[in-house]
Structure formats: C-alpha cells, structure tokens
Amino acid sequence: SVMAGEEFDDNVLNGKSHDNAAAKSAASDKIQEERKTLPIYQYRDAFLQAVNDYQVLIIVGETGSGKTTQIPQYLHEAGYTKRGKVGCTQPRRVAAMSVAARVAKEMGVKLGHEVGYSIRFEDCTSENTVLKYMTDGMLLKEFTDEPDLASYSILMLDEAHERTLPTDLLFGLVKDIARLRPDLKVLISSATLDAEKFSDFFDSAPVFKIPGRRFPVEIHYTLAPEADYMDAAIVTALQIHTREPPGDILMFLTGQDEIETAEEILKQRTRGLGNKIAELIICPIYAILPTELQAKIFEPTPHGARKVVLATNIAETSLTIDGIKYVIDPGFCKIKSYSAKTGMESLQVTPISKASANQRAGRSGRTGPGKCFRLYTAFNFQHDLDDNSVPEIQRTNLLNVVLTMKNLGINNLINFEFMDQPPSEAILKALELLFALSALDKKGHLTKVGKRMAEFPLDPMLSKMVVASDKYKCSEEIITIAAMLSVGNAIFYCPKDKRVLAENAKISFHEGNVGDHIALLRVYNSWKETNFSTQWCYENYIQVRSMKRARDIRDQLEGLLEKVGIELTSNPNDLDAIKKCITSGFFPHTARLQKNGAYTTLKHPQTVYVHPSSGLAEVLPRWVVYHELVLTSKEYMRQVTEVKPEWLVEIAPHYYQMKDVDDPALKKMPRGKGRIG
Ligand code: ADP
Ligand code: MG
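Here UniProt numbering is used: the sequence shown runs in plain steps of one and ends on residue 879.
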C-alpha cells in the first residue's frame with residue numbers, strides 16, 4: 203500500500219513552514235500559542251504517526267479538544283495536501299463556515315484561498331484551496347461529479363456521532379472508495395466515547411482517543427416539570443446574571459423563532475434591571491445568521507459584562523464557545539420525524555436524549571468548574587429520556603437519499619452497507635413516491651426527469667416542481683418560489699408595536715387569496731422592481747437578509763436550469779399554470795377541508811390545519827397543497843396553495859385516481875359555483 207511515511211517525516215517533526223509565517227506578527231504568535239494549549243496538541247505527533255500507519259482511523263475527543271480546527275492543519279503541515287485536498291465534513295452549515303474562518307485566521311490566510319468552505323448555495327473555495335470544510339451534503343454532491351474523489355488525499359467525516367442522513371450515507375460510500383484507493387486516508391471523528399460502532403463498521407479500524415479536560419459540572423434540576431420552558435429559561439438566565447459569579451451563559455433553544463423571541467424578552471427585561479447590574483450581552487446563533495453576527499459569539503466578553511449565547515443544537519458539539527460557565531438546558535430540540543406508515547414528515551420539538559443532555563452539560567465545564575440548569579426533573583431525566591438519539595436515517599423520509607443513490611448509480615439499495623439499515627418500508631415509500639414524481643421508471647431506473655431533479659440542491663419535491671416548470675413555461679416564477687421557500691420561514695416579520703402595519707403589508711401580497719406560494723413570488727418581484735431596495739423591505743416588514751439570500755439562491759437555480767437545459771420562461775399572469783407546476787411537485791401533500799376548519803390529508807388520512815401565518819388561514823379553500831407540516835400545538839400545514847382536485851388526477855395519475863378526489867360537495871352544486879371554479 204502507498205503509505206507515505208518517509209516522505210513526510212521532516213514536516214511531521216517540526217511543522218516549519220507554518221512557524222515561519224506565524225512569526226510575522228504578534229497577533230499570530232498569540233494564536234499559535236493558543237493552538238498549543240489545546241488538548242490535542244500533545245498528541246500531534248502520535249496522531250500523525252497513526253494516520254501514517256493506518257488507512258482508516260476513528261478519532262474520539264471531547265468537544266473543544268481541537269479535532270475540527272487542528273487536525274486538518276496538522277495534516278497540511280505534515281505535507282498531505284501536496285497530493286490532494288483535505289476535506290472535512292460538518293453536519294451544519296454554520297459550523298462549516300465558522301470553523302473555516304477560524305482556521306484561515308490561524309493560518310494567516312484569506313478565507314476562500316488555502317482554506318475554504320462549501321455549503322449549499324455557497325462555494326467559498328478557489329483552485330488554491332487545500333483545506334476544505336463543507337457540509338456532509340456537499341461532499342455527497344461531489345461524488346456525482348468525481349466518483350473516486352480523486353482530488354482529495356484525506357477525508358475527515360467530522361461530528362460522526364451526529365449521525366445525520368448524509369453522513370451515514372458517506373460512511374458507506376467512503377468505505378467503498380477506500381478499498382479502491384489505498385492512497386486515500388479516512389478519518390472518522392466523534393465527540394462521543396463509544397466509538398466501537400464506528401470501528402466495527404470500518405473493519406475494526408483503530409480508535410485514536412484524545413484525552414480531554416473536563417471540570418466538574420454541578421447539575422441542577424427543577425423540582426416540578428416546567429409548563430413553559432422558554433419562560434423558565436429566561437428567568438433562569440436572569441437569576442444567574444443577577445446572583446452568580448462572572449462567567450458566560452449558554453442557553454439551548456430549538457430554533458430561530460424561539461431564539462428571536464428569547465432575545466427580545468431578555469432585552470426588555472434587562473432594561474428594567476437598572477445600571478447596578480452588569481451588562482448582559484445577548485448573542486443569538488442559528489443556521490442562517492450572517493457571518494458578522496456569528497463572529498460576535500466568539501469575541502471575548504468585556505470585563506465586567508456577561509454574555510448569554512442563545513443557541514440551537516449547534517452548540518452541543520459542533521461549535522466550541524469559550525468562556526461558558528453556565529448552561530441552561532430546557533431539554534428539547536427540533537427534529538424531523540417521519541412516519542413510514544403515512545409517509546408523512548414533520549418538524550417536531552422533541553425531548554433530547556440523555557447523551558445530548560450530558561453533552562450540553564459538558565459545555566459549561568471546559569475551562570473551569572461549571573453549572574448546568576436542567577429545566578426538567580431528575581425523574582424525567584432518569585425515566586423519560588432515551589439513552590441516545592435515533593439516527594436520522596431511521597426517522598426521515600428517504601426521498602432524497604434514494605434519489606441521490608440512484609444518481610450515483612447505486613441501484614441495489616438493499617445491499618448498500620449502512621451502519622444502521624433504514625427501515626425497508628421507508629425505502630419502499632421513497633421508491634413509490636419517486637416513481638409517482640416520474641423520477642424513476644417501472645424498473646426503478648432514473649428517468650430523464652429524475653436526472654434533472656438530482657442536479658438541484660433542493661428537496662426532491664421542490665426539484666420536481668422546478669423541472670416541471672419547463673412544461674408549464676413558468677421557470678422564472680417557479681425558481682423564485684423555490685428560492686423563497688428555501689430561505690425558510692423568515693421572510694415576513696412583525697414587530698410587536700407595529701403589528702397592524704406589518705399585518706396590512708403582508709395582506710397586500712395575498713390579495714385575491716392567491717395562496718402563500720404566489721404571495722412569496724409577489725414579494726420577490728415587488729422587491730426586484732424597486733431594484734432590490736433595502737428601504738422597501740423596511741417599509742413592508744420584510745427581512746432584507748432573507749431576501750438577499752433568496753436572490754443568491756435564485757441566481758444559482760437559474761444557473762442550474764441552464765445546466766439541465768430548461769429554458770427561462772415567464773408566465774406571470776397564468777396563475778393556474780404556476781399552481782399546476784407547484785402541484786406537480788407537491789401533489790403528495792394534498793389536503794381536503796373537513797368540518798371546523800380541519801383538513802384531512804388525501805393519501806393517508808390525517809387531521810391537519812392551515813398554519814395561522816398562512817394567507818389562507820381564514821379563507822380555508824376546499825383543496826390545498828402544502829409545503830411542509832409542522833407540529834406545534836397542532837399539526838399545521840405551512841405554505842399553502844389552493845388547487846383543483848382534477849389537477850391531481852391529471853398530474854399524478856399513478857398516485858391519485860378519480861375516486862380519491864371524488865368530492866360529494868362538488869356534486870351537489872353546479873360546477874364553477876363553488877370556491878373552486
Ligand atoms: P473540537 O472539534 O474538538 O470540538 P475545535 O477544533 O472546534 O474543537 O475547537 C478548538 C478550540 O478552537 C476551541 O476551544 C476554541 O477556543 C477555538 N475555536 C474554534 N472555533 C473558533 C472560532 N470560530 N473563533 C474563535 N475560536 C474558535
Ligand atoms: Mg469539532
């Protein structure tokens with residue numbers, strides 16, 4: 203085998219090239235000193251020796267030991283990047299960006315040059331990039347263009363314990379190419395201590411442990427369950443702030459909405475504390491936060507002040523924030539859940555696992571003794587929390603996985619080596635749906651439509667909608683809608699003191715009860731007419747940040763249309779054509795109105811409701827398609843558009859028959875007189 207030990211030994215021992223560059227300024231001297239204080243530093247040589255000796259290595263080390271930022275640099279210093287890139291995957295976009303920025307700074311290079319990152323809709327790399335941080339999903343995409351990943355000398359699948367869907371798929375794919383490419387090194391790194399499973403999967407690969415430092419953490423439970431964990435979290439933060447010795451706070455919340463609400467409430471309540479109490483600096487962190495704001499969480503807290511970081515799960519292991527002494531853990535996270543029986547997927551706020559709770563607590567004990575406030579009872583912890591989280595592959599719809607695999611030429615899904623096999627009903631459901639979406643033929647092979655769909659970095663149903671725009675001659679409109687949907691749920695905002703104005707602005711986009719998709723299209727087009735004016739966004743209570751992101755995404759989708767040979771065509775006045783196109787992708791998400799404002803999903807009957815934020819929340823059309831389901835107090839459909847039942851049979855004859863859309867109410871009244879007509 204091609205183990206390149208001798209070639210690199212010189213560099214391994216002294217890492218010279220790097221120290222010279224670092225000597226240039228005092229600032230970088232300081233950074234180099236900091237690097238040496240990380241737990242991994244002592245094991246640098248032993249680690250490089252192990253990489254030299256083995257093709258596959260499992261690395262285990264506590265969060266903050268330096269795995270993500272240091273290992274790729276060590277490999278670079280040892281000369282591995284002379285033969286190809288070092289690729290390091292992250293399950294989360296923010297982590298990929300933030301860590302790349304940190305490593306570029308440590309190396310004294312400009313981000314996007316030697317050190318870069320690649321995430322969906324954003325490629326910040328160049329020909330010179332040798333250390334490439336990327337989301338696991340992006341590496342999966344790269345397999346399509348470069349099946350042997352020849353441009354890489356080392357792959358590091360980081361945060362392996364997260365067991366995201368793309369990472370799980372990468373395990374199997376990487377194991378496969380490692381057999382064909384003895385020169386390729388594979389590192390699997392994880393923050394959990396039970397690495398046996400990874401080792402077993404990779405033919406008993408050795409485990410390299412980085413002994414961490416952990417200070418004792420005092421765990422506090424609530425005596426009774428909390429009815430409102432948000433409120434409890436805020437009260438706890440303020441109590442820590444007013445009563446406890448200095449040290450920053452890390453609060454775990456489930457998503458952007460919660461974080462923004464908490465930020466607002468904390469700002470209000472600290473205003474009332476008067477100036478005897480130290481300043482409380484509030485730092486939100488979630489997936490689509492712009493880079494300038496992300497940097498804020500890493501800045502050292504000024505003397506006399508205290509920082510409270512409001513974070514999603516990202517701060518559990520993906521990002522290390524220094525200076526945290528107090529952790530507030532409400533015990534929840536937002537995850538996708540999927541029922542193979544109904545084929546339905548929804549975002550759900552769910553109790554975390556014991557493993558997660560312990561990771562969270564650990565964040566307070568990195569640099570000194572810490573305290574963790576669990577907003578649930580000790581009994582809850584013992585008896586109600588699962589030991590470990592279920593890997594995503596076992597609780598999600600496999601549409602994307604199956605499409606990706608088919609596109610990689612893996613036709614036999616059952617024989618693919620998974621670390622944990624996905625449920626076979628879920629595979630069958632995905633095959634069935636991809637067939638209904640015309641992405642697969644009867645033999646299960648990718649069709650031309652499926653090939654085109656696989657090019658788009660979107661969920662397959664959105665991709666189908668985009669591909670269908672070719673037929674309905676409205677690709678301009680559809681990629682706008684797809685881009686707006688991809689931004690997530692952050693287009694409109696509604697300040698408390700201007701609620702009426704904000705509501706009115708929003709209503710104007712929904713005029714004619716066109717539905718949420720077309721309202722999003724109108725928002726984008728109106729913004730475009732003002733030449734992308736920021737002022738216009740302010741006046742209409744639209745988040746300018748989200749709009750800019752939508753514009754970037756749209757530009758990329760436009761490029762991809764050209765790549766798959768779909769012409770840019772506009773059909774702005776034919777709303778039915780646009781809606782039919784949406785239906786082409788989202789017909790599996792059809793619901794029919796019942797009594798009392800409740801809907802039933804058509805294929806696998808389940809009761810759902812129109813989300814209160816929808817423009818159709820008070821209109822309640824008889825038939826709708828929706829973008830997604832979110833479970834909060836009820837199962838809500840978010841982003842809803844009215845459709846005609848006959849479209850379903852016309853567009854998806856493999857999926858719906860006339861009897862499915864047989865509508866007794868329509869029979870009673872002459873056609874055209876109902877809402878639909
Ligand atoms: P691990 O991957 O083992 O959890 P990391 O390599 O992410 O550890 O982090 C090691 C150290 O690097 C952290 O303790 C922190 O001090 C520093 N660090 C990481 N990311 C950043 C950043 N974006 N800004 C400032 N410091 C950072
Ligand atoms: Mg890490």
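Quick reminder that beta carbons are idealized off the backbone N, C-alpha and C, glycines included. Only a predicted model underlies this, so the values are computations on that prediction, with no experimental measurement involved.
Own chain, CB closer than 8 Å to residue i, minus 5 neighbours either side, in chain order
i, result
"residue 166", "No answer is possible for residue 166: the residues shown for the chain start at 203 and end at 879."
"Leu386", "Gln257, Leu351, Tyr354, Ser355, Ile356, Leu357, Ile379 and Ala380"
"Ala224", "Its pLDDT being 45, under 50, Ala224 is placed unreliably by the model, and the measurement read from it follows with that caveat. Contacts found: Ser230, Asp231, Ile233, Gln234 and Gly310."
"Gly564", "Glu264, Thr265, Arg416 and Val419"
"Val604", "Leu615, Ile629, Ala632, Leu633 and Leu636"
"Glu465", "Ile484, Pro486 and Leu512"
"Gln808", "Thr544, Met546, Thr802 and Glu837"
"Tyr243", "Arg237, Gly268 and Gln272"
"Thr649", "Ser640, Ala641, Leu642 and Asp643"
"Gly374", "Phe618, Glu619, Phe620 and Met621"
"Val376", "Leu357, Leu359 and Val388"
"Ala252", "Leu259, Pro408 and Phe410"
Exposure label - residue i; buried when at least 16 CB within 10 Å
i, result
"Ser835", "exposed"
"Glu764", "exposed"
"Gln272", "buried"
"Arg304", "buried"
"Glu208", "Because the pLDDT at Glu208 is just 27, under 50, the model does not fix this residue reliably, and the point stays unresolved."
"Asn515", "buried"
"Asn602", "buried"
"Leu585", "Residue 585 is actually His in this sequence, not Leu. It counts as exposed."
"Arg751", "buried"
"Gln561", "buried"
"Ala248", "exposed"
"Ala429", "exposed"
"Glu329", "exposed"
"Gly339", "buried"
Reference residue i, options the options, closest by Cα
i, options, result
"Leu452", "Asp699, Phe711, Ile530 and Lys377", "Ile530"
"Leu787", "Ile768, Val810, Asp776 and Tyr828", "Here the sequence assigns Gly to residue 787, which means Leu is not the residue at that position. The residue with the shortest Cα to Cα distance from Gly787 is Tyr828."
"Lys861", "Glu820, Thr394, Thr337 and Lys805", "Lys805"
"Asp718", "Trp738, Gln796, Ser815 and Asp622", "Ser815"
"Leu703", "Glu741, Ser677 and Gln470", "Glu741"
"Glu760", "Val668, Asp459 and Arg285", "Val668"
"His712", "Pro625, Val821 and Leu687", "Val821"
"Gln596", "Lys538, Gln251 and Lys284", "Lys538"
"Glu348", "Asn733, Glu279, Asn706 and Gly611", "Gly611"
"Gly525", "Glu852, Lys509 and Thr732", "Lys509"
"Thr270", "Ala692, Arg747, Ala362 and Pro659", "Ala362"
"Met655", "Gly572, Phe454 and Lys343", "Lys343"
"Arg365", "Gln496, Thr598, Gly567 and Val766", "Thr598"
Sequence-distant residues of its chain with Cβ nearer than 6 Å to residue i (five each side left out)
i, result
"Asp864", "none"
"Tyr695", "Tyr743 and Gln745"
"Pro532", "Tyr431, Ala435 and Leu577"
"Asn590", "Ser555 and Ala557"
"Tyr282", "Ser355 and Ile356"
Spatial neighbours of residue i in its chain, beta-carbon cut-off 7 Å, leaving aside the 5 residues before and after
i, result
"Pro774", "Glu679"
"Arg756", "Ile681, Thr682 and Ala685"
"Leu341", "Gly289, Thr291 and Leu372"
"Leu777", "Val716 and Ile720"
"Thr522", "Thr265 and Gly266"
"Pro593", "Arg365, Asp370 and Asp622"
Nearest-angstrom beta carbon gap, residue j and residue i [assumed within contact, 8 Å]
i, j, result
"Leu615", "Ala434", "Contact flag wrong, Cβ pair sits at about 45 Å."
"Thr369", "Thr265", "In fact, because the Cβ distance is near 17 Å, the residues do not count as touching under 8 Å."
"Ser456", "Cys535", "The sequence shown places Thr at residue 456, not Ser. Yes, Thr456 and Cys535 are in contact; Cβ-Cβ is about 6 Å, under 8 Å."
"Lys782", "Tyr674", "6 Å"
"Ile461", "Tyr431", "No, Ile461 and Tyr431 are not in contact; Cβ-Cβ is about 13 Å, not under 8 Å."
"Leu440", "Arg471", "6 Å"
"Gln859", "Leu687", "Gln859 to Leu687, Cβ: 29 Å. No contact."
"Val262", "Ala397", "5 Å"
"Gly449", "Lys527", "3 Å"
"Ala721", "Gly817", "5 Å"
"Phe400", "Ile260", "5 Å"
Any non-hydrogen atom of the ligand SAH closer than 7 Å to residue i Cβ
i, result
"Asp360", "With respect to small molecules bound, the structure shown includes the ligand ADP and the ligand MG and not the ligand SAH."
So, do the stretch 403-422 and the stretch 624-639 have three or more beta carbon pairs nearer to each other than 8 Å?
no
Within 8 Å, do at least three Cβ pairs link the stretch 500-512 to the stretch 472-483?
yes
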